[in-house]
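Enquirer:
Put into structure tokens, the structure is as follows:
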């Protein structure tokens, strides 16, 4: 559990959660336990996604994948236990957040990673391997596999920070664009960078015949699409205090321009 | 998810939860969403435990195991999604329970199935295969693999029903004995019944060289131990209203005398 959780990574999800809490006037400390839990949930999903029967990945965050180091049985359990720990952590460590807000956080997070969220995306992703995939199907995969959890990150941040439904709607749309943006950039990096630069196996999408944006729309159009998504995300932040929205502005720029 | 969840099974865990809620004066309807969620959690753990890299089981609840029918990748995801759904179900369906009680329920359940609970038991169980295992190690396995979640079932029931800390302590000890009893009887059945009678592969413990009570203490002593555990469990119920405790009494008898 420690090996994968503390292996680094961009920590985009916890940052999104904390930045959204601050966006609506909440303190960082309120969001911290939930931000940590979200990183546990994300890591749990990575451990299981890397399995031989799933994406079959050997490299993650610049290190050998969990099952490569500890074996498959331990990796199954490490993923399960990280998922449990995430919920335990929220229930036990977020003492300064009112229980009714915590229950809403549980609802958001668990729904984002379940059969109508992350798991749906991963399933369709695996089933689409080697097949011709339309843009619409590709979007389904990434909305579910990536964007839903990012959405949950910002919505949880807003809930904890005491934001209203209108705030929730704006950050939810922001996160949806960020989620797609994240994946489009991921796909572009996969074909333009080396494994060493990425910290995970590069060129994998080509080898595995997986649907990607560069493959479906070409590399230049994919880059234009990324720029469009970034701008759409930024527009959602217009109604917020500029200083408080600054971290979310910069995060969108960072995601669009990241090199690994 | 439906295939494994709705495949039958004894439903001991949800029954424990509902009976404990009623034990302290709560209504069945209050406990129902949590009881359902607990069965989802239990089923999720069974799906993952049956994997080739884990217990490698072909038969469960009288049907082929999940990965045998749907493949390993779907089975990994079905387990993950059932675990998520359990938490989502509690957060969204238990509207009649106060949020502070729900947060305590989340804490109990997630801690019971994590790295200090179910996962710890499963890990030591797998690692002990083919080795000589002491009674103490065997008890560690079963306390963690089985009893911790049963404990959580009754404690959650008491929390939801509005019981006090003293009630909690009594049912927790009751569940600990029930948990061990459950496993001792499981081990006895494994060597005395057929696969058809059990609905899962019989004689598996012998083949896989796994530590069991009949193996460590002999079949007769194991039966005596089961009787002792049942009586210890029943003693914990003495301080409760007899009528309200009746389901838990009968459940202990049922577990001690079950034939599959």
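Protein chains in written order, with the UniProt record's numbering: chain P, 1 to 260; chain H, 1 to 260.
Beta carbons: idealized from backbone N, C-alpha and C, even for Gly.
The alpha helix (DSSP H) that contains residue 228 of chain P, what's its start and end?
Expert: Translated into the one-based positions of the first chain, residue 228 of chain P becomes position 228. Segment 219-235, the alpha helix (DSSP H) holding residue 228 of chain P.
Enquirer: Within 8 Å of any Cβ in chain P, is that where the Cβ of residue 27 of chain H sits?
Expert: To locate residue 27 of chain H, count along the second chain from 1; it is residue 27. Residue 27 of chain H does not count as touching chain P.
Enquirer: Residues of chain P with CB closer than 7 Å to the CB of residue 151 of chain H, please, in chain order.
Expert: The residue you call residue 151 of chain H lines up with position 151 of the second chain. Within 7 Å Cβ-Cβ: nothing; residue 151 of chain H doesn't reach chain P, min ~15 Å.
Enquirer: Would you say residue 252 of chain P and residue 234 of chain P are within 8 Å of each other, going by their C-beta atoms?
Expert: As a working mapping, residue 252 of chain P is identified with position 252 in the first chain. As a working mapping, residue 234 of chain P is identified with position 234 in the first chain. Yes, the Cβ-Cβ distance between residue 252 of chain P and residue 234 of chain P is below 8 Å.
Enquirer: Between residue 11 of chain H and the ligand FMN, is the CB less than 7 Å from at least one heavy atom?
Expert: The ligand FMN is absent from the structure shown, which contains no ligands of any kind.
Enquirer: Taking just the CA atoms, how far does residue 10 of chain P sit from residue 161 of chain P?
Expert: Within the first chain, the letter at position 161 stands for residue 161 of chain P. Within the first chain, the letter at position 10 stands for residue 10 of chain P. Taking the straight line joining both Cα atoms gives about 23 Å.
Enquirer: Excluding five sequence neighbours on each side, which residues of the same chain lie with their C-beta closer than 6 Å to the C-beta of residue 185 of chain H?
Expert: For the purposes of this step, residue 185 of chain H is taken as the residue at position 185 of the second chain. 226, listed in sequence order.
Enquirer: Starting from residue 64 of chain H, follow its DSSP beta bridges and name the residues at the other end.
Expert: One-based indexing of the second chain puts residue 64 of chain H at position 64. DSSP, once it has assigned bridges, lists H/59 as partnering residue 64 of chain H.
Enquirer: Any Cβ of chain P within less than 8 Å of the Cβ of residue 212 of chain H?
Expert: Taking the second chain and counting its residues from 1, one reaches residue 212 of chain H at position 212. Closer than 8 Å: no.
Enquirer: Is the Cβ of residue 114 of chain H closer than 8 Å to any Cβ of chain P?
Expert: For the purposes of this step, residue 114 of chain H is identified with residue 114 of the second chain, where counting begins at 1. It does; some Cβ of chain P falls within 8 Å.
Enquirer: Could you have a look at residue 167 of chain H and say whether DSSP puts it in helix, strand or coil?
Expert: Taking the first residue of the second chain as 1, we reach residue 167 of chain H at position 167. The three-state reading of DSSP puts residue 167 of chain H in helix, counting H, G and I together.
Enquirer: Hey, quick one: how far does the alpha helix (DSSP H) through residue 211 of chain P stretch, first residue to last?
Expert: Within the first chain, numbered from 1, the residue matching residue 211 of chain P stands at position 211. Run containing residue 211 of chain P: none; DSSP gives neither H nor E here.
Enquirer: Does the stretch 239-253 of chain H come within contact of the stretch 19-27 of chain H, defined as at least 3 CB pairs closer than 8 Å?
Expert: yes
Enquirer: Give the interface partners of residue 53 of chain P over in chain H, defined as CB-CB distance under 8 Å, in chain order.
Expert: If you number the first chain from 1, residue 53 of chain P lands on position 53. Ordered by position in chain H, the residues that pass the 8 Å Cβ test against residue 53 of chain P are 71, 72, 73, 76.
Enquirer: Does the beta carbon of residue 194 of chain H sit closer than 8 Å to a beta carbon anywhere in chain P?
Expert: Mapped onto the second chain, residue 194 of chain H falls at position 194. For residue 194 of chain H, the answer is no, since every Cβ of chain P falls outside 8 Å of its Cβ.
Enquirer: Against residue 100 of chain P, what residues of chain H qualify as contacts under a CB-to-CB distance less than 8 Å, listed in chain order?
Expert: Reading the first chain from its first residue, position 100 is the one you call residue 100 of chain P. Simply 99.
Enquirer: Going by other Cβ atoms of all chains shown within 10 Å of its Cβ, with 16 needed for buried, is residue 196 of chain H buried or exposed?
Expert: Within the second chain, numbered from 1, the residue matching residue 196 of chain H stands at position 196. So residue 196 of chain H ends up on the exposed side.
Enquirer: To which residues of the same chain is residue 110 of chain H closer than 6 Å at the C-beta, ignoring the five residues directly before and after it?
Expert: As a position in the second chain, residue 110 of chain H is number 110, starting the count at 1. Excluding residues within five positions, none has a Cβ falling inside 6 Å.
Enquirer: Reducing DSSP to helix, strand and coil, say where residue 259 of chain P ends up.
Expert: If you number the first chain from 1, residue 259 of chain P lands on position 259. Shown here, residue 259 of chain P sits in coil according to DSSP, grouped into three states, outside any helix or strand.
Enquirer: By alpha-carbon positions, which one of P/105, P/134, P/153 ends up nearest to residue 214 of chain P?
Expert: For the purposes of this step, residue 214 of chain P is taken as the residue at position 214 of the first chain. Of the listed residues, the one whose Cα sits closest to residue 214 of chain P is P/134.
Enquirer: As an exercise, report each continuous beta strand (DSSP E) stretch of at least 3 residues that is fully enclosed by the stretch 24-49 of chain P, in chain order.
Expert: none
Enquirer: Give the straight-line distance between the Cα atoms of residue 132 of chain H and residue 174 of chain P, rounded to the nearest whole angstrom.
Expert: For the purposes of this step, residue 132 of chain H is taken as residue 132 along the second chain, with counting starting at 1. For the purposes of this step, residue 174 of chain P is taken as residue 174 along the first chain, with counting starting at 1. Looking at the two C-alpha atoms, the distance is approximately 57 Å.
Enquirer: Below 8 Å on the Cβ atoms is my contact criterion, and I expect residue 87 of chain P with residue 106 of chain H to pass it. Report the Cβ-Cβ distance as a whole number of Å.
Expert: Here residue 87 of chain P refers to the residue found at position 87 when the first chain is read from its first residue. Here residue 106 of chain H refers to the residue found at position 106 when the second chain is read from its first residue. Right, the Cβ-Cβ distance comes to about 6 Å (below 8 Å), so this counts as a contact.
Enquirer: Less than 8 Å separating the beta-carbons of residue 199 of chain H and residue 62 of chain H?
Expert: What you label residue 199 of chain H is simply residue 199 of the second chain in a count that begins at 1. What you label residue 62 of chain H is simply residue 62 of the second chain in a count that begins at 1. Cβ atoms of residue 199 of chain H and residue 62 of chain H: closer than 8 Å.
Enquirer: Less than 8 Å between the beta carbons of residue 191 of chain H and residue 171 of chain H, yes or no?
Expert: Sequence index remark: in the second chain, residue 191 of chain H carries index 191 (1-based). Sequence index remark: in the second chain, residue 171 of chain H carries index 171 (1-based). No.
Enquirer: I want to see whether chain H comes within less than 8 Å of residue 91 of chain P, judged by CB atoms only; does it?
Expert: The sequence position of residue 91 of chain P within the first chain is 91, counting from 1. True, the Cβ-Cβ gap to chain H drops below 8 Å.
Enquirer: Please look up how many angstroms separate the CB atoms of residue 47 of chain H and residue 66 of chain H, rounded, as I've assumed it's under 8 Å.
Expert: Along the second chain, read from residue 1 onward, the residue named residue 47 of chain H stands at position 47. Along the second chain, read from residue 1 onward, the residue named residue 66 of chain H stands at position 66. At roughly 5 Å, the Cβ-Cβ gap stays under 8 Å, so residue 47 of chain H and residue 66 of chain H are in contact.
Enquirer: Between the Cα of residue 27 of chain H and the Cα atoms of H/231, H/163, H/64, H/69, which residue gives the shortest distance?
Expert: For the purposes of this step, residue 27 of chain H is identified with residue 27 of the second chain, where counting begins at 1. Here the closest residue by C-alpha is H/163.
Enquirer: How far does the alpha helix (DSSP H) with residue 1 of chain H in it extend, from its first residue to its last?
Expert: As a working mapping, residue 1 of chain H is identified with position 1 in the second chain. Careful: residue 1 of chain H lies outside any alpha helix (DSSP H) and carries neither H nor E.
Enquirer: Just the chain H side, please: which residues come within less than 9 Å of residue 217 of chain P by C-beta, in chain order?
Expert: On the first chain, residue 217 of chain P is found 217 positions in, with the first residue counted as 1. What residue 217 of chain P touches in chain H: nothing, since even the nearest Cβ is about 27 Å away.
Enquirer: Please tell me whether residue 173 of chain H has its Cβ less than 8 Å away from any Cβ of chain P.
Expert: Position 173 of the second chain, counted from the start, is the residue given in the question as residue 173 of chain H. Residue 173 of chain H does not count as touching chain P.
Enquirer: Using a Cβ-Cβ cutoff of less than 7 Å, which residues in the same chain neighbour residue 118 of chain H once the five nearest sequence positions on both sides are dropped?
Expert: Here residue 118 of chain H is taken as the residue at index 118 of the second chain, counted from 1. Closer than 7 Å at the Cβ level, and outside the excluded window around residue 118 of chain H, lie 45, 112, 144, 145, 148, 149.
Enquirer: Counting C-beta neighbours from all protein chains within 10 Å, is the total for residue 224 of chain H 16 or more, i.e. buried, or is it exposed?
Expert: As a working note, residue 224 of chain H is residue 224 in the second chain. Residue 224 of chain H comes out exposed.
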